[in-house]
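As structure tokens, the structure follows; a few thoughts come after it.
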Amino acid sequence: MTRLGTHLLALALLLGALVGSGAADERTLVVITHPSRPVVITTSDLRRFFLKQRRFWPDGTPVIPINRTAATAVRAAFDRSVFGTEAAGLAAYWNQRYFEGLFPPITLDSDEAVQRYVAARPNAIGYVDAASVDGSVHVALRLAERP
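As numbered in the working numbering, the sequence shown has no gaps in its residue numbers, which increase by one up to the final residue, 228.
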């Protein structure tokens, strides 16, 4: 291989690595509901559900929002995408709501646990990494987030 060919090959490998690393930085989350509730959700709806400012589905049944544990990357990505802040930024909000008798959403430890919960309860709504979603739930919204 000539010297020019070697440099071109090295440049191509470097560019490929840079392009590939950009894709790895992006996390896509999906908002999921029970298959019997094939609704379309907006980010505004989602914010209101998870802040418990909107507590009922259009049919009058209560919404059960399911969060991931605060220390997870999926939770951090969700909070940045939906609220524009980290989970710690929501602590003051929930401290105030606590004194009004309103508790934060249920938290679960894994994407699998969130999917099983949502698949078993028609009123539940949650979110998981898009790579882990399966056919047991309905995808109501996709959220792309960059760390």
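Glycine included, each C-beta is placed from N, C-alpha and C at the ideal position.
What are the residues that DSSP puts in a beta bridge with residue i?
i	result
T114	I206, H219
P146	I206
F137	P143
Output the boundary residues of the alpha helix (DSSP H) element that contains residue i.
i	result
R161	154-164
W175	172-179
K123	Before going on, a small fix: residue 123 reads as Thr here, not Lys. Taken as a continuous stretch (DSSP letters only), T123 belongs to no alpha helix (DSSP H), as it is neither H nor E.
R199	Reading off the sequence, residue 199 comes out as Val, not Arg. Counting along the chain, the alpha helix (DSSP H) containing V199 begins and ends at 192-201.
Would you mind reading off the limits of the beta strand (DSSP E) that contains residue i?
i	result
T188	187-189
Of the residues the options, which one's Cα is nearest the Cα of residue i?
i	options	result
L127	V112, V218, S213	V112
A152	S191, G165, S217, G182	S191
T231	E193, V218, A225	Nothing can be reported for residue 231: it is not among the residues displayed for the chain, which extend from 82 to 228.
I147	V199, A221, V214	V199
T131	T109, R156, F180, R108	The amino acid occupying residue 131 in the given sequence is Phe; Thr does not appear at that position. Ranking the options by Cα distance to F131, first place goes to R156.
H219	T109, Q177, P116	P116
D160	S125, R202, A221	S125
K133	R108, T109, Y179, G165	Y179
T188	G141, A205, D140, R136	A205
P203	T142, T109, L183, R108	T142
D215	R197, S162, L222, R223	R197
V144	A211, R108, L224, T114	T114
Y208	N176, E181, S162	S162
R135	T166, P185, N176, Q177	P185
With a cut-off of 8 Å, do at least 3 Cβ pairs link the region 171-179 to the region 113-125?
-> Touching, no.
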